[in-house]
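Going by the UniProt record's numbering, the sequence shown opens with residue 5, and the numbers climb by one from there.
Positions of the beta carbon are idealized from the N, C-alpha and C atoms, including for glycine.
Keep in mind it's a predicted model, so treat the numbers as computed, not measured.
Here the structure is laid out as structure tokens; the discussion comes afterwards.
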Amino acid sequence: MDSRNLLYEGKAKSVFQGESPNEVIIGFRDDMTAGDGARKETMGQKGYINSIICAKIFETLEDAGVKTQLIELCEPCVMKAKKLDMIPIEVIVRNIATGSIIRKFPFEDKAPFNPPLIQMDFKDDQFHDPMLNDAIAIALGIATKEDLDKLRELALEVNEVMTKMFKDIGIILVDFKIEFGKDSEGNIILGDEISPDSCRLWDAETLDILDKELFRQGKDDEVINAYEEVFNRLLSEEDRV
Ligand code: C5P
């Protein structure tokens with residue numbers, strides 16, 4: 005990954021121009037941030053683990069008919085992907101009430117959402133990712149009504165596939181955040197990453213936390229063990245790079 009080809013540096017990933025104009029190379033780093041980037045640490049192996057988990061989830065979604073940005077995981081931490089014009093919306097799907105939604109609204113802690121709750125936040129650090137509604141997103145010019153409907157439809161499809169995928173390995177998919185972009189033909193495609201950084205995952209028996217929430221709670225020494233647990237349950241031997 006040649007730094008001269010760097011297109012964008014996020015909090016945990018770097019995006020480089022790929023060999024062809026319609027391709028990018030996404031580098032998964034070990035950086036971990038919380039509180040709008042206020043706290044930043046390096047977690048050894050996180051980039052490795054997350055890139056492999058993300059590729060596995062994207063492949064499973066592709067098999068289920070959901071188009072993703074993934075072309076291939078070239079090697080751990082290095083993903084070749086379709087170049088997308090990213091939509092600055094964080095689409096959050098919640099199956100269980102926890103996190104920011106119970107700090108903002110009087111939902112009971114751990115109450116199930118049925119149907120799942122879809123929330124959209126404006127991805128903008130300066131404005132601290134405020135919650136959107138359709139009218140605001142349209143007025144900002146970041147999405148059309150059709151785009152927003154498509155995002156909701158795709159988000160529910162992703163939720164359905166991932167809920168089953170995790171249930172099969174004894175994990176409850178509590179909630180997650182996904183991002184989408186448009187390809188050169190204007191198709192909306194799932195991009196960015198899905199990993200324990202962007203999901204809440206609870207062990208189905210013990211309700212132990214297996215995701216970034218541990219870092220948010222300051223339990224830094226437990227983070228990688230939890231991510232490894234997800235990795236080990238999700239990836240069969242032949243999947244391992
Ligand atoms: O903090 P909150 O409850 O809104 O988070 C909902 C879900 O979205 C969690 O799974 C969290 O990991 C994810 N999220 C994220 N990136 C953000 C905000 C939330 O991955 N910027």
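Check, Outcome
"Inter-stretch contact (C-beta, 8 Å, three-pair minimum) for the region 73-88 and the region 112-128", "no"
"Phe-131 beta carbon near ligand 1 (any heavy atom closer than 7 Å)", "no"
"Opening and closing residue of the alpha helix (DSSP H) in which Val-165 lies", "149-171"
"Coil, strand or helix - Val-70 by DSSP", "coil"
"Residues with C-beta closer than 6 Å to any heavy atom of ligand 1, in chain order", "Glu-94, Ile-96, Gly-103, Ser-104, Ile-105, Asp-133, Asp-179, Phe-180, Lys-181, Ser-202, Cys-203, Arg-204 and Lys-216"
"8 Å Cβ cutoff met for Leu-65 and Val-162", "yes"
"First through last residue of the beta strand (DSSP E) which encompasses Arg-8", "That residue, Arg-8, is in no beta strand (DSSP E); it is neither H nor E in DSSP."
"Beta-bridge pairing of Phe-126 - partner residues as DSSP gives them", "Ile-93"
"Contact set for Val-70: own chain, Cβ-Cβ below 8 Å, skip 5 residues either direction", "Leu-158, Glu-161, Val-162, Val-165 and Leu-194"
"C-beta contact flag for Asp-224 and Glu-45 at 8 Å", "yes"
"Three-way DSSP call (helix, strand, coil) for Phe-109 in this model", "coil"
"Distance, Lys-154 Cα to Met-135 Cα", "18 Å"
"Among Asp-89, Phe-111, Ala-38 and Lys-87, the one whose alpha carbon lies nearest that of Arg-98", "Phe-111"
"As assigned by DSSP and simplified to three states, the class of Gly-51", "helix"
"Anticipated Cβ contact below 8 Å, Val-216 with Asp-196, distance rounded", "In the sequence on display, residue 216 carries Lys and not Val. Wrong, their Cβ atoms sit about 15 Å apart, outside the cutoff."
"Cβ neighbours of Asp-40 in the same chain (closer than 7 Å, five flanking residues each side left out)", "Asp-129 and His-132"
"Ala-85, enclosing beta strand (DSSP E) - first and last residue", "82-86"
"Close beta carbons around Lys-37, own chain, < 6 Å, minus the five adjacent residues each side", "In the sequence as presented, Lys is not what sits at residue 37; that position holds Thr. Taken in chain order, the residues that qualify are Lys-15 and Lys-44."
"Residue range of the beta strand (DSSP E) that includes Ile-29", "27-32"
"Beta-carbon proximity list for Arg-237, same chain, < 6 Å, skipping 5 on both sides", "Ile-173"
"Chain E within 8 Å of Lys-114, Cβ atoms only", "Considering every chain present, this structure includes no chain E. It has just one protein chain."
"Buried or exposed by the 16-neighbour rule on C-beta atoms within 10 Å, applied to Glu-189", "exposed"
"Classification of Asp-151 by the beta-carbon crowding that lies within 10 angstroms, buried from 16 upward", "buried"
"Distance between Ala-143 and Leu-239 (C-alpha atoms, nearest Å)", "43 Å"
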